[in-house]
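Take this note's numbering: the final residue in the sequence shown is number 487, and no numbers are missing along the way.
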Amino acid sequence: MVIQYIMILLMDRLHNIFMSGGVNMGFTNVHDVLIMDDKENIYSFYIHENKIKMILYDKNTGKATKRVIIGDCIDEYDSAISEDGIVYLVCQKLDGSIMLVSIDGYNQEEYFLAEKFDSRLRDINVKLIGNQIHIIYCLESNEGNNRFRIYHHRLKNNEWDTNVVSDITIREILNPISIIKLEDDMVIGYYDLVDNTEQVFINIYSIVNSKWSDKIQVTTDRSTKMYLDMLNCNANEINLCYSKFLEGNFIVTYEKYRMSNGEATKVVEHTLSNPANCMYPTFIYSDGTLWTIWIEYNGLLSCFSEDGGLSWSLPYSWEESKRADFARYKFTTNNDAIKDAYDFNYGFATYGESTTFIGFGDVEAAIEVPLKSQIKKKEDEDEDIENDVDNEGIMLEKEVSRIQENIVKEKEVDESIELNEIRERVEVIEQALKAITEILETKLSEINFQSQYEHENSKKITELEKRVFDIESFLSKRRGPLRR
């Protein structure tokens with residue numbers, strides 16, 4: 004029912020814009036603030052023709068009433084609600100005066116913070132921490148040259164405590180400030196130029212000590228950056244998203260930082276989108292899931308993380324945003340039930356015949372979009388695998404060749420060793436046979452000398468001669484092939 008109440012107000016507000024000819028199909032850039040109190044009454048603020056108007060939807064009566072809050076205001080304003088249910092609105096009037104308006108249901112009171120201030124406030128922010136009112140804005144420096152100074156005002160004991168947070172330099176566009184509460188601190192995030200490149204800085208305000216830290220640079224890459232949103236889901240951790248210029252277009256970048264002793268340590272960084280005209284990246288934390296939502300080609304895309312930003316889904320395109328009108332609005336509440344279920348600074352909603360929150364929730368209503376970077380990474384991985392296979396094949400071929408060469412060498416070595424052993428044995432036999440031959444020849448000479456007249460020895464002589472002849476024939480045959 005709570006969501007339906009908000010949608011009724013959005014329908015009424017945006018229907019008026021549509022009837023005035025102020026919108027086309029798709030995204031409408033309006034400056035609206037929605038606030039819900041703990042009784043589920045809804046305050047809807049918007050500016051039209053230099054008038055800040057409010058629609059109050061009363062939960063008890065079921066009726067909505069509309070009234071003008073400030074009648075002559077420039078388009079810079081902001082509002083928020085305290086824990087005790089008082090709504091505060093800060094704006095600058097056409098004459099330069101800075102106004103603080105407190106609203107409690109149908110009652111309101113006005114206070115002048117500065118009369119006929121001669122400079123125009125930029126990017127006004129109201130942050131209620133407990134019942135403490137914090138007003139933060141940018142003011143162009145007297146130095147000019149795109150120099151601005153960030154101021155902080157805190158109402159303390161009915162007196163305003165004023166601090167200079169930081170001096171910044173811009174190129175053409177003053178990007179919005181983002182403010183979150185981090186345990187007992189308030190953290191402000193903003194852009195400043197370093198070597199003509201936008202970098203995200205933060206300053207930490209101690210609520211207990213009422214002191215600002217020095218500025219802390221958290222990004223360092225050399226890309227052009229736009230838009231900024233921060234969200235705190237866990238103690239001492241800051242989720243950061245912005246648009247980064249890449250390949251002639253913008254991508255959505257997510258970064259997670261852990262704060263400790265006044266230092267920011269990057270935990271993880273992810274590219275969430277394809278290069279396109281990605282605008283207004285926005286966090287929504289819902290039922291334990293962190294969503295990043297952005298506008299791309301006049302439609303709405305988002306991706307989600309279920310582990311606190313360590314890993315992310317592929318982008319999803321919400322097709323309803325391409326067929327309907329939708330807008331981005333600021334949302335704040337002191338309703339504990341809503342704060343337990345949701346946490347976000349801004350959100351997107353369609354309007355018209357079918358009015359609903361969009362960009363997060365059941366992805367059955369969306370279409371998954373592949374990331375070009377992952378496709379290229381997969382192609383590179385496949386190419387690397389093919390190269391690895393080719394290289395492995397070449398290595399195997401070389402290994403086989405090496406093994407074959409070793410086998411041949413070992414065979415040749417084995418044959419050479421065997422041949423040498425045979426030669427050594429033959430030489431031993433030859434020497435033995437030679438010695439036997441010499442003995443036989445000596446014996447034969449003795450027999451011839453002693454028995455030349457003895458006929459009975461002729462038979463022995465003949466046998467000895469035959470044995471000598473056989474030995475010489477054997478040696479002649481063995482010498483030939485072994486001594487080549």
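Beta carbons are placed, not taken as given, at the ideal position from N, Cα and C, and that holds for glycine.
### Three or more C-beta pairs below 8 Å linking the stretch 63 to 73 and the stretch 313 to 333
no
### Query
Between leucine 374 and asparagine 148, what straight-line distance do the alpha-carbon atoms span, to the nearest angstrom?
When rounded, the distance between both Cα atoms is 39 Å.
### Task
Put aspartate 310 into one of helix, strand or coil per three-state DSSP.
coil
### Message
Please classify lysine 247 as buried or exposed, where buried requires at least 16 other C-beta atoms within 10 Å of its C-beta.
### Response
buried
### Query
asparagine 128 to asparagine 301, Cα distance in whole Å?
Asparagine 128 and asparagine 301: Cα-Cα distance of roughly 27 Å.
### Message
Output needed for lysine 469: all residues of its chain with C-beta closer than 8 Å, excluding positions within five of it in sequence on either side, in chain order.
### Response
Within the same chain, lysine 469 has no close Cβ partners at all.
#### Entry: Entirely enclosed beta strand (DSSP E) segments - the stretch 309 to 359, minimum 3 residues
319 to 321, 328 to 336 and 349 to 354
### Message
So, with DSSP's three-state summary, where would you put arginine 486?
### Response
Because arginine 486 sits at a pLDDT of 41, beneath the cut-off of 50, its placement in the model cannot be relied upon, and the following sentence gives the value as read from the coordinates. Note: arginine 486 maps to coil in three-state DSSP.
### Message
Can you look up threonine 445 in the DSSP assignment and give me helix, strand or coil?
### Response
helix
### Query
Going by DSSP, which residues form a beta bridge with cysteine 141?
Residue pairing for cysteine 141: DSSP places it in a beta bridge opposite Arg125 and Ile153.
### Message
Which of the three DSSP states is assigned to lysine 437 in this structure?
### Response
In this structure, lysine 437 counts as helix in the three-state DSSP scheme.
### Query
With respect to the beta strand (DSSP E) encompassing alanine 267, which residues constitute its N-terminal and C-terminal limits?
266 to 274
### Query
In chain order, which beta strand (DSSP E) runs of at least 3 residues are fully inside the stretch 37 to 108?
45 to 51, 54 to 61, 66 to 73, 76 to 84, 90 to 96 and 101 to 107
#### Entry: leucine 249 - containing beta strand (DSSP E), residue span
240 to 249
### Terminal residues of the beta strand (DSSP E) in which glutamate 162 lies
Segment 162 to 172, the beta strand (DSSP E) holding glutamate 162.
#### Entry: Residue from Ile55, Asp78 and Asn44 whose Cα sits closest to the Cα of asparagine 63
Just measuring C-alpha positions, the residue of Ile55, Asp78 and Asn44 sitting nearest asparagine 63 is Asn44.
### Three-way DSSP call (helix, strand, coil) for valine 366 in this model
Under the three-state reduction of DSSP, valine 366 is assigned to helix.
### Message
So arginine 488 and leucine 142 are supposed to be a Cβ contact under 8 Å. How far apart are they, rounded?
### Response
Nothing can be reported for residue 488, as the shown portion of the chain is limited to 4 through 487.
### Query
So what does DSSP say about arginine 426, is it helix, strand or coil?
helix
### Query
Where does serine 404 fall in DSSP's three states?
helix
### Query
CB lysine 184 to CB asparagine 235, shorter than 8 Å?
yes
### Message
Is it the case that the stretch 260 to 267 contacts the stretch 303 to 314, given that we only count it when at least three CB pairs across the two stretches are under 8 Å?
### Response
Not touching, per the Cβ criterion.
### Nearest residue (CA-CA) to alanine 79, options Thr295, Tyr49, Asn348 and Glu86
Here residue 79 turns out to be glutamate, not alanine, going by the sequence shown. Among Thr295, Tyr49, Asn348 and Glu86, the Cα nearest to that of glutamate 79 is on Tyr49.
### Query
Where does alanine 3 land, buried or exposed, given buried means 16+ other C-beta within 10 angstroms?
Examination of residue 3 is not possible in this model, given that the chain is present from 4 through 487 alone.
#### Entry: Neighbourhood of lysine 325 by C-beta distance below 6 Å, restricted to the same chain and skipping five residues each side
Gly302
### Query
Pick from Trp163, Ile72 and Gly251: whose alpha carbon is nearest that of valine 226?
The sequence given here has serine at residue 226, not valine. Nearest to serine 226 by alpha-carbon distance, out of Trp163, Ile72 and Gly251, is Gly251.
### Query
Are three or more beta carbon pairs between the stretch 105 to 113 and the stretch 84 to 93 nearer than 8 Å?
yes
### Message
So asparagine 206 and serine 169 are supposed to be a Cβ contact under 8 Å. How far apart are they, rounded?
### Response
Sure, about 6 Å apart at Cβ, within 8 Å.
### Query
Considering glycine 29, what are the terminal residues of the beta strand (DSSP E) in which it resides?
Counting along the chain, glycine 29 falls outside any beta strand (DSSP E), and DSSP gives it neither H nor E.
### Query
Name the DSSP beta bridge partners of arginine 261, please?
Glu240 and Thr268
### Message
Among the candidates Ala344, Ile180, Ile84 and Ala327, whose CA atom is the shortest distance from the CA of isoleucine 519?
### Response
Since the first residue of the chain shown is 4 and the last is 487, residue 519 is not available in this structure.
### Query
Whose C-beta lies closer than 8 Å to the C-beta of glycine 24 among residues of the same chain, with five residues either side of it excluded?
Residue placement at glycine 24 is poorly supported in this model, since its pLDDT is 45, which falls under 50; the coordinates still yield a value, given next. Cβ neighbours of glycine 24 beyond the five flanking positions: none.
#### Entry: Cutoff 6 Å; reference valine 372; Cβ partners in own chain excluding five residues on either side
Pro318 and Ser320
### Task
From the DSSP output, in three-state form, read off isoleucine 254 for me.
strand
### Task
Taking only the alpha-carbon atoms, compute the straight-line gap between glycine 362 and glutamate 146 and give it to the nearest angstrom.
42 Å
#### Entry: Inter-residue spacing [alpha-carbon to alpha-carbon] between isoleucine 176 and arginine 331
19 Å
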